[in-house]
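Chains as they are written, first to last, in the working numbering: chain L, 9 to 260; chain C, 22 to 323.
For glycine and all other residues, C-beta sits at the position ideal for the given N, C-alpha and C.
Have a look at the structure below, then the notes.
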């Protein structure tokens, strides 16, 4: 099953073509990694999947991105609803300067999830923190300032905050690049656990990470998707010369 | 050549002179403030032993007959200032949010300097505008006997406090990292929810500072207030006194200073009002500084 499909996607910053003719199918409940050198367009592509690029002035999209067959860039698409279904974790942990509880409760409060029958805010928060494997570390003091947590904890809090809105897809934009190796490991383990219930797309600079965590890998180069396939194939038997050069460290 | 000395061994006299000048200028500005403060104390403190306390705390300010009840004046100042802030806060915050978060860049480029120009309008001009336009309007709309009321004064003060409040609040919103906005939007919050639940709370201490600074500006304002509040030293206790004339400390000092004999009890009493005013402003500024300090200490990852 494909969750997201991109069809001949072009993306412009002003007049600069940042993505050209990207077509890809991203499978449901699997982890898809996007790799490539800096500036190759992989983060830009990721941000096309929840239309976060809309917040940058002067950007333009051509082509289609479909979520369960529905065109994200159709005029009638509700961006707010889209982002509820496609959550995002950013490069640097960005918890709000509020308590741990309020951070996780933000989405449910805004979306009114806590007002649905059989749901309580406390339960959603606990469930989300458990889901992000952070509950045991913060359960004794949910009122503490989120900015007082370690960076690894902050990033897992951001993941908890994202899953609290019950998305279907989680986009991760280099989620470990600001973290130390131990915190990176925590987040990678978490991704494995999340794979059961969510479709995950992760952008990473770290090829070992892509090889470790993902089922599928796409290699971006100069705004083009050069190769896409099963992670194992990409890393052991790449079909494309550029891909091979990059993953063996000869280029990029 | 004469210049062929080893570098770094001779004292750099030019540098030394500049440093000295800067140091003297800096210290003298502190010195001036201290001297003004001491002068204020010297002229004002005698009030508190020349006039019995029960007279000072009385409700009648009628210096000709030795009534120096300062309570109506203090309350008058506080009332007009608070009312001004109540009017200015929602307007100022909304404008700051609009300028920073909603307006397109070209509108922001126009609005910011325009707002700063508003701060430069002389208060006597505003007072004149208040007397000739706002006061009659207030009178007609409220059907009051006079348009020169606490409310009219508060309207003008709110207008005067707005530029300060808007620019400080706008700066505070500007320091909120984009990553917070992204986080809010990426979770399916609308732009309004993101502004109201993420950006404004994150800028809270700056917004509080903006209010405090606006308040400091409002409480010390004299001319516009004197021109439109009617200047009746009544005790503003009931709700309808909002729409009656009041008299503030600043207006009292400005109006009466010209006609007192230097060194008289009345003269000292006016400086006594100055001390009270100074103390109030000082407390407000201190509170503003404290919130700024708290924000700095908080730090954290941005």
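Beta-carbon gap between residue i and residue j smaller than 8 Å
| i | j | result |
| --- | --- | --- |
| residue 227 of chain L | residue 43 of chain L | yes |
| residue 233 of chain C | residue 309 of chain C | yes |
| residue 91 of chain L | residue 119 of chain L | no |
| residue 209 of chain L | residue 54 of chain L | yes |
| residue 207 of chain C | residue 58 of chain L | yes |
| residue 104 of chain L | residue 223 of chain C | yes |
| residue 177 of chain L | residue 199 of chain L | no |
| residue 67 of chain C | residue 277 of chain C | no |
| residue 197 of chain L | residue 209 of chain C | no |
| residue 264 of chain C | residue 165 of chain C | yes |
| residue 241 of chain C | residue 298 of chain C | yes |
| residue 234 of chain L | residue 251 of chain L | yes |
| residue 168 of chain L | residue 142 of chain L | yes |
| residue 87 of chain L | residue 170 of chain L | no |
Chain L within 8 Å of residue i, Cβ atoms only
| i | result |
| --- | --- |
| residue 268 of chain C | no |
| residue 79 of chain C | no |
| residue 192 of chain C | no |
| residue 219 of chain C | yes |
| residue 227 of chain C | no |
| residue 83 of chain C | no |
| residue 295 of chain C | no |
| residue 230 of chain C | no |
| residue 144 of chain C | no |
| residue 275 of chain C | no |
| residue 288 of chain C | no |
Nearest-angstrom beta carbon gap, residue j and residue i [assumed within contact, 8 Å]
| i | j | result |
| --- | --- | --- |
| residue 254 of chain C | residue 268 of chain C | 4 Å |
| residue 27 of chain L | residue 52 of chain L | 6 Å |
| residue 117 of chain C | residue 194 of chain C | 6 Å |
| residue 246 of chain C | residue 178 of chain C | 7 Å |
| residue 180 of chain L | residue 203 of chain C | That pair is no contact at about 14 Å. |
| residue 64 of chain C | residue 292 of chain C | 4 Å |
| residue 184 of chain C | residue 137 of chain C | 6 Å |
| residue 21 of chain L | residue 66 of chain L | 7 Å |
| residue 296 of chain C | residue 62 of chain C | 7 Å |
| residue 132 of chain C | residue 124 of chain C | 6 Å |
Cβ of residue i within 8 Å of any chain C Cβ
| i | result |
| --- | --- |
| residue 12 of chain L | no |
| residue 19 of chain L | no |
| residue 100 of chain L | yes |
| residue 22 of chain L | no |
| residue 221 of chain L | no |
| residue 192 of chain L | no |
| residue 180 of chain L | no |
| residue 152 of chain L | no |
| residue 199 of chain L | no |
| residue 243 of chain L | no |
| residue 177 of chain L | no |
| residue 89 of chain L | yes |
| residue 67 of chain L | no |
| residue 227 of chain L | no |
| residue 215 of chain L | no |
From the options, residue whose alpha carbon lies closest to that of residue i
| i | options | result |
| --- | --- | --- |
| residue 172 of chain C | C/83, C/184, C/99 and C/303 | C/99 |
| residue 311 of chain C | C/226, C/177 and C/236 | C/226 |
| residue 93 of chain C | C/280, C/262 and C/299 | C/262 |
| residue 161 of chain L | L/111, L/212 and L/132 | L/111 |
| residue 155 of chain L | L/108, L/115, L/170 and L/149 | L/108 |
| residue 16 of chain L | L/56, L/225, L/173 and L/224 | L/56 |
| residue 19 of chain L | L/217, L/47 and L/29 | L/29 |
| residue 86 of chain C | C/294, C/121, C/287 and C/296 | C/287 |
| residue 106 of chain L | L/87, L/189, L/141 and L/153 | L/153 |
| residue 36 of chain L | L/175, L/257 and L/252 | L/175 |
| residue 104 of chain C | C/180, C/158 and C/150 | C/180 |
| residue 76 of chain L | L/11, L/85 and L/97 | L/11 |
| residue 140 of chain L | L/126, L/237, L/24 and L/165 | L/165 |
| residue 97 of chain C | C/167, C/281 and C/272 | C/272 |
| residue 39 of chain L | L/245, L/258, L/224 and L/241 | L/224 |
| residue 129 of chain L | L/97, L/148 and L/173 | L/173 |
| residue 83 of chain L | L/217, L/69 and L/121 | L/69 |
Spatial neighbours of residue i in its chain, beta-carbon cut-off 7 Å, leaving aside the 5 residues before and after
| i | result |
| --- | --- |
| residue 200 of chain C | none |
| residue 159 of chain L | 101, 186, 187 and 191 |
| residue 49 of chain L | 26, 27, 228 and 231 |
| residue 89 of chain C | 72, 76, 77, 82 and 290 |
| residue 145 of chain L | 161 |
| residue 124 of chain L | none |
Neighbourhood of residue i by C-beta distance below 6 Å, restricted to the same chain and skipping five residues each side
| i | result |
| --- | --- |
| residue 40 of chain C | none |
| residue 231 of chain C | 186, 189 and 190 |
| residue 229 of chain C | 312 |
Other residues of its chain near residue i: CB distance less than 8 Å, five sequence neighbours each side excluded
| i | result |
| --- | --- |
| residue 101 of chain C | 171, 174, 175, 178, 239, 246, 250, 267 and 269 |
### Query
Which residues, taken in chain order from the region 113 to 133 of chain L, show a beta carbon closer than 9 Å to some beta carbon of chain B?
Looking at the structure shown, chain B is missing, and the protein chains on hand are L and C.
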